[in-house]
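Chemist: Residue numbers (my numbering): 1 to 229.
Below you'll find the structure I mean.
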Ligand code: 1GP
């Protein structure tokens with residue numbers, strides 16, 4: 001089992017986006033704890049395989065966050081399986097998981113599977129629209145959702161997903177409180193070392209995504225901001 005509980009910092013790379021070799025090398029050799037491969041739209045078997053092959057030239061652990069059953073590529077160190085706990089469309093709760101198990105069940109190495117209780121907090125994000133995510137009304141509700149994931153479903157990871165926008169620290173803290181011993185990932189809108197440090201002070205692991213494609217130096221600067229703590 002991959003030691004995700006020791007991760008403080010991760011980069012999330014989208015197979016549907018372009019990244020050149022020099023940038024990829026800088027990210028993989030940055031000191032980040034892991035590369036997560038994942039995206040919401042346009043993720044295919046071919047672009048996932050291509051990205052994995054390029055990441056595999058480096059020593060950094062690489063995991064696939066599965067969002068499309070057509071893009072389950074063998075060869076990653078582990079597979080993150082999101083369970084969108086505030087999905088408004090119930091089909092996003094278990095329907096894809098059942099389909100995946102029917103298709104790939106006999107190939108699965110269960111010690112490579114890590115389930116994430118995904119709390120989608122930015123209503124304007126692609127994943128929120130796709131899953132018709134219910135809005136999080138306040139900190140008490142955020143805490144309750146985190147408890148549903150950690151205490152009721154006993155999921156090992158709570159992932160607070162603000163994809164595309166920087167989150168409200170009070171909501172992150174509420175999730176921290178609700179998640180108890182579950183591991184808390186925070187992702188969304190981190191664009192600077194200061195923001196990385198702020199979220200890493202509350203969450204166990206931060207996920208840095210979009211800024212990679214907009215300002216590589218700023219993205220790389222988030223690593224020491226977290227690892228120095
Ligand atoms: C997205 O949580 C990650 O799934 C990171 O979010 O792309 O906004 O950095 P950003």
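Where is the CB? At the ideal position from N, CA and C, for every residue including glycine.
Work out the CA separation of residue 5 and residue 103 for me, nearest whole Å.
Modeler: Each residue's alpha carbon lies about 29 Å from the other.
Chemist: Taking 9 Å as the threshold (C-beta atoms), are residue 41 and residue 126 in contact?
Modeler: Their beta carbons are under 9 Å apart, which means residue 126 touches residue 41 by this criterion.
Chemist: Taking only beta-carbon atoms, is residue 3 less than 9 Å away from chain D?
Modeler: The structure shown contains no chain D; it is built from a single protein chain.
Chemist: By how many angstroms is the C-alpha of residue 122 removed from the C-alpha of residue 170?
Modeler: About 15 Å.
Chemist: Count the CB pairs spanning the stretch 130-139 and the stretch 81-88 that are closer than 8 Å, and state whether there are at least three.
Modeler: Taking 8 Å as the limit for Cβ pairs, the verdict is that the stretch 81-88 does touch the stretch 130-139.
Chemist: List the endpoints of the continuous alpha helix (DSSP H) containing residue 25.
Modeler: Taken as a continuous stretch (DSSP letters only), the alpha helix (DSSP H) holding residue 25 covers 21-28.
Chemist: Give a single yes or no on whether residue 190 has its beta carbon closer than 8 Å to a heavy atom of the ligand 1GP.
Modeler: True, at least one ligand heavy atom lies under 8 Å from that Cβ.
Chemist: Check residue 161 in the structure and name its three-state DSSP category.
Modeler: Correct three-state label for residue 161: strand.
Chemist: Grab the span of the beta strand (DSSP E) containing residue 115 for me, first residue to last.
Modeler: From DSSP, the beta strand (DSSP E) with residue 115 extends over 113-120.
Chemist: Quick one: grab the DSSP three-state call for residue 82.
Modeler: Here residue 82 sits in strand by DSSP.
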